[in-house]
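S.K.:
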Amino acid sequence: MSNDPLLQPFQLKHLTLRNRIIVTSHEPAYPEDGMPKGRYRAYTVERARGGVALTMTAGSAAVSKDSPPVFNNLLAYKDEIVPWIREMTDAVHETGAAIMIQLTHLGRRTRWDKGDWLPVVAPSHHREAAHRAFPKKLEDWDIERIIKDFADAAERMKAGGMDGVELEAYGHLIDQFTSPLTNELDGPYGGSLENRMRFCFDVFRAIRKRVGDDFILGVRYTADECLPGGTDRAEGIEISKRLKESGLIDYLNVVRGHIDTDAGLTDLIPIQGMASAPHLDFAGEVRAATNFPTFHAAKIQDVATARHAIAAGKVDMVGMTRAHMTDPHIVRKIMEKREDDIRPCVGANYCLDRIYQGGLAFCIHNAATGREETMPHQIAKAEVRKKVVIVGAGPAGLEAARVSAERGHEVVVFEAANNPGGQIRLTAQSERRREMISIIDWRMSQCEKLGVTFRFNTWADAATVTAENADVVIIATGGLPHTEVLSKGNELVVSAWDIISGDVKPGTNVLVYDDAGDHAGLQAAEFIARAGGKVEIMTPDRAFAPEVMAMNLVPYMRSLQKLDTTFTVTYRLESAEKSGNQIIAHIGSDYGGVSKQRTVDQIVVNHGTIPLDDLYFELKPGSKNLGEVSYDELISGEPQTVERNPEGTYQLFRIGDAVAARNTHAAIYDALRLAKDI
Numbered sequence: 001m002s003n004d005p006l007l008q009p010f011q012l013k014h015l016t017l018r019n020r021i022i023v024t025s026h027e028p029a030y031p032e033d034g035m036p037k038g039r040y041r042a043y044t045v046e047r048a049r050g051g052v053a054l055t056m057t058a059g060s061a062a063v064s065k066d067s068p069p070v071f072n073n074l075l076a077y078k079d080e081i082v083p084w085i086r087e088m089t090d091a092v093h094e095t096g097a098a099i100m101i102q103l104t105h106l107g108r109r110t111r112w113d114k115g116d117w118l119p120v121v122a123p124s125h126h127r128e129a130a131h132r133a134f135p136k137k138l139e140d141w142d143i144e145r146i147i148k149d150f151a152d153a154a155e156r157m158k159a160g161g162m163d164g165v166e167l168e169a170y171g172h173l174i175d176q177f178t179s180p181l182t183n184e185l186d187g188p189y190g191g192s193l194e195n196r197m198r199f200c201f202d203v204f205r206a207i208r209k210r211v212g213d214d215f216i217l218g219v220r221y222t223a224d225e226c227l228p229g230g231t232d233r234a235e236g237i238e239i240s241k242r243l244k245e246s247g248l249i250d251y252l253n254v255v256r257g258h259i260d261t262d263a264g265l266t267d268l269i270p271i272q273g274m275a276s277a278p279h280l281d282f283a284g285e286v287r288a289a290t291n292f293p294t295f296h297a298a299k300i301q302d303v304a305t306a307r308h309a310i311a312a313g314k315v316d317m318v319g320m321t322r323a324h325m326t327d328p329h330i331v332r333k334i335m336e337k338r339e340d341d342i343r344p345c346v347g348a349n350y351c352l353d354r355i356y357q358g359g360l361a362f363c364i365h366n367a368a369t370g371r372e373e374t375m376p377h378q379i380a381k382a383e384v385r386k387k388v389v390i391v392g393a394g395p396a397g398l399e400a401a402r403v404s405a406e407r408g409h410e411v412v413v414f415e416a417a418n419n420p421g422g423q424i425r426l427t428a429q430s431e432r433r434r435e436m437i438s439i440i441d442w443r444m445s446q447c448e449k450l451g452v453t454f455r456f457n458t459w460a461d462a463a464t465v466t467a468e469n470a471d472v473v474i475i476a477t478g479g480l481p482h483t484e485v486l487s488k489g490n491e492l493v494v495s496a497w498d499i500i501s502g503d504v505k506p507g508t509n510v511l512v513y514d515d516a517g518d519h520a521g522l523q524a525a526e527f528i529a530r531a532g533g534k535v536e537i538m539t540p541d542r543a544f545a546p547e548v549m550a551m552n553l554v555p556y557m558r559s560l561q562k563l564d565t566t567f568t569v570t571y572r573l574e575s576a577e578k579s580g581n582q583i584i585a586h587i588g589s590d591y592g593g594v595s596k597q598r599t600v601d602q603i604v605v606n607h608g609t610i611p612l613d614d615l616y617f618e619l620k621p622g623s624k625n626l627g628e629v630s631y632d633e634l635i636s637g638e639p640q641t642v643e644r645n646p647e648g649t650y651q652l653f654r655i656g657d658a659v660a661a662r663n664t665h666a667a668i669y670d671a672l673r674l675a676k677d678i
């Protein structure tokens, strides 16, 4: 047996967990009609198959109709969920993993205009900033009803084969009872800590009566809200002890912080550029104070940190949830002593930011996650070995190279620069986004192991490519900044890339015009502001940087607000003209009737990229398919069979920003779903 701390089994009551790594509850927003159907099941089973000890689904499943999901959660209040749960639990158990589900009532952390349009309820009328609904103050009959709903839902989950149920407390209704900031009830459920915890214990008692003693029950809760007037560390330790002493539950799952604002959520679930495992020591304090099984997860994205968490006795089970979205086979690779092959989580938080905007959770650089029904995590060998030539070593090109090489093909990559990475190498120059370079480093490492040939500092023209006698040519040359967006004065502006790369010195009074809304605009603004420049960020949109999304926006705002940056929305930069050493910016509005001017010494434009596609069009006449892609074959996962030119000698494709300005995930998805069938 291995002496690796992570690979030691753990006995949780009657349940033997095969190692110390768990996927904590999270909602990838994959349900269909509130049910865990094919996509959800395939995603969950893949992580179980990869070796994790325990996978927890739903973050969280709703127990009541007046707890409508604000993103696509499971609906545990419906009887019809039981057979869908059974299909999932049976499939997970076949892999040797355990499976639990998280149940919740959201309380005020939802909206009244979702689901059945019922009033939001909470132990006070205080609105949660994140979801903006003013709640109804709970009545006695509400409390009785919701306690019964929890018990009903838990009974359904047991009937569906779950090994246990975890209650979501932090930020949700149970925590809203416990926290003095959100509980203004009188009588048995308000006032003293004993009264504020009564609802939690009443729920657990009701569940225990339904499911018996041989069903695992746990709670994920905050033991320190990190808010003035809220549950502090001392009270949190006392809460932890009382939870243990109740005899109603089998483990504690500890978090630290609050989630009622974007900033609070981001501190509780840190993203790239923030400290790793910031709450692990605190979880260890709770475990030491209670001597009770303790779980914890919060930016524990690498094996070394997870191993330390167990070896040092900080926790009993360590959660690596976003890490398993990036690589579902972490445990298997640890067991096979292949830790270097683990695809690294870079903390980009594309997964969570998408669900908080109503989208499906996707990993920024594993396009198979959430698409397990159609996209492979392990690439199958091709029946016929081909030669594949790829031009461009950015994320799209490197993914195409990796997947093609996994297929067993001979792969040659041309890159004009002396290093791989493309736009990722540029964005990683920001200290906060430095982790992004791991997207490139991991692919380079995989490609080197697979024997891919790289030719850096090589400008590949049509003659260079055709001389390779390739069967397949993939153009992944990316794009160049598109700055010609003004009616006049385009020669007076510089791009966000110019600033980030250091090719252009930041001005002292700068207008950053950003209608792409991605990271580049904010990165450029931060570079300028940190250099001492006065910065105004302007966008014609009604919100700035929508592509950055909520949690990723938090660190930018903390930095830029301190640097006295001005944010201007709903105004459009129309033209620019020179005036001595200054530039006059002419500003209008899509809403009409507005004409303004700004006098600045530098205008920075962030308007995405325009494809660098000259080589593609040069090669197109010599290709079999004349560059055409069958979307039906691409979507259905079949090889490309289009032949429009009998004289052609190779198939030609282009991917990523060489097609159109999109993002890193789109580029990698382009590459995976094309190359997996070559």
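Quick note: the sequence shown uses the UniProt record's numbering, first residue 1, plus one each step.
All C-beta atoms, glycine included, are put in the ideal place defined by N, C-alpha and C.
Remember, it's a predicted structure, so these values are computed and weren't measured experimentally.
State the DSSP-derived secondary structure class of tyrosine 616, mapped to helix, strand or coil.
M.R.: helix
S.K.: Mapping the DSSP letters down to three states, classify glutamate 27 as helix, strand or coil.
M.R.: coil
S.K.: Nearest CA to the CA of tyrosine 77: which residue from Val52, Ala151, Pro135?
M.R.: Ala151
S.K.: Helix, strand or coil, according to DSSP, for glycine 161 in the structure here?
M.R.: coil
S.K.: Let me know if proline 92 comes out buried or exposed under the rule of 16 or more other beta-carbons within 10 Å of its beta-carbon.
M.R.: In the sequence as presented, proline is not what sits at residue 92; that position holds valine. Counting Cβ neighbours within 10 Å, valine 92 comes out buried, since at least 16 surround it.
S.K.: Thinking C-alpha only, which one of Thr326, Ile603, Arg644 is nearest lysine 534?
M.R.: Ile603
S.K.: Evaluate contact between the segment 625 to 637 and the segment 450 to 469, counting only Cβ atoms and requiring at least three cross-stretch pairs below 8 Å.
M.R.: Touching, no.
S.K.: Roughly how far, in whole angstroms, is the beta-carbon of asparagine 625 from the beta-carbon of glutamate 643, given that I think they are within contact range, below 8 Å?
M.R.: 6 Å
S.K.: Indicate the three-state DSSP secondary structure (helix, strand or coil) for threonine 453 in the structure shown.
M.R.: strand
S.K.: For chain D, find out if any of its Cβ atoms is closer than 8 Å to the Cβ of glutamate 168; answer yes or no.
M.R.: Protein chain content of the structure displayed is limited to a single chain, and chain D is not contained in it.
S.K.: Give me the Cα-Cα distance between arginine 530 and glutamine 423, rounded to the nearest whole angstrom.
M.R.: Spanning the two alpha carbons is a distance of roughly 22 Å.
S.K.: Quick check: what's the CA-CA separation for leucine 652 versus valine 473?
M.R.: 5 Å
S.K.: Give me the Cβ distance between tyrosine 356 and phenylalanine 71, rounded to the nearest whole Å; I'm assuming they're in contact under 8 Å.
M.R.: 7 Å
S.K.: Can you tell me the Cα-Cα spacing of alanine 368 and arginine 41, whole angstroms?
M.R.: 14 Å
S.K.: Spell out a yes or no on whether the segment 80 to 90 and the segment 111 to 121 are touching, meaning 3 or more CB-CB pairs, one atom from each, closer than 8 Å.
M.R.: no
S.K.: Taking three-plus beta-carbon pairs below 8 Å as touching, is the segment 272 to 286 in contact with the segment 430 to 448?
M.R.: Yes, the segment 272 to 286 touches the segment 430 to 448.
S.K.: The ligand SAM and serine 60: does any heavy atom of the ligand fall closer than 7 Å to the residue's C-beta?
M.R.: Looking for the ligand SAM in the displayed structure turns up nothing, as the structure carries no ligands at all.
S.K.: Glutamine 8 bridges to which residues according to DSSP?
M.R.: Bridge pairing for glutamine 8: absent [DSSP].
S.K.: Pick out the complete alpha helix (DSSP H) segments inside the segment 305 to 329, 4 residues or longer, and give them in chain order.
M.R.: 321 to 326
S.K.: List the endpoints of the continuous alpha helix (DSSP H) containing glutamate 522.
M.R.: Note that residue 522 is leucine in the sequence shown here, rather than glutamate. Here the alpha helix (DSSP H) through leucine 522 covers 519 to 530.
S.K.: If you draw a straight line from the C-alpha of alanine 525 to the C-alpha of alanine 311, how long is it?
M.R.: 43 Å
S.K.: Between the C-alpha atoms of glutamate 168 and glycine 218, what's the straight-line distance to the nearest angstrom?
M.R.: Rounded to the nearest angstrom, the two C-alpha atoms are 9 Å apart.
S.K.: Kindly confirm or deny that the segment 332 to 346 and the segment 410 to 417 touch, where touching means at least three C-beta pairs closer than 8 Å.
M.R.: no
S.K.: I'd like the span of the beta strand (DSSP E) that includes threonine 57, first residue to last.
M.R.: Element bounds for threonine 57: 54 to 62.
S.K.: Would isoleucine 330 pass as a contact of glycine 50 if the rule is Cβ separation under 8 Å?
M.R.: yes
S.K.: What are the residues that DSSP puts in a beta bridge with alanine 368?
M.R.: Paired residues: none, contrary to the question.
S.K.: Rounded to whole angstroms, what's the CA-CA distance from threonine 649 to valine 388? Just pull it up for me.
M.R.: Between threonine 649 and valine 388, the C-alpha separation is close to 13 Å.
S.K.: Helix or strand or just coil, what does DSSP make of glutamine 640?
M.R.: coil
S.K.: Got a sec? Which residues, its chain only, sit under 8 Å from proline 31 by beta carbon, not counting five neighbours each side?
M.R.: Lys37, Tyr40, Asn72, Asn73, Leu74, Leu75
S.K.: Just checking my contact of isoleucine 678 with histidine 409 at CB under 8 Å: how many whole Å lie between their CB atoms?
M.R.: Contact between isoleucine 678 and histidine 409 holds: CB atoms are separated by about 7 Å, below the 8 Å threshold.
S.K.: Would threonine 305 and threonine 231 qualify as a contact pair, given that the criterion is a beta-carbon distance under 8 Å?
M.R.: no
S.K.: Cα separation between alanine 133 and serine 124?
M.R.: 12 Å
S.K.: Buried or exposed: which applies to proline 646, given that a residue is buried once 16 or more other Cβ atoms fall within 10 Å of its Cβ?
M.R.: exposed
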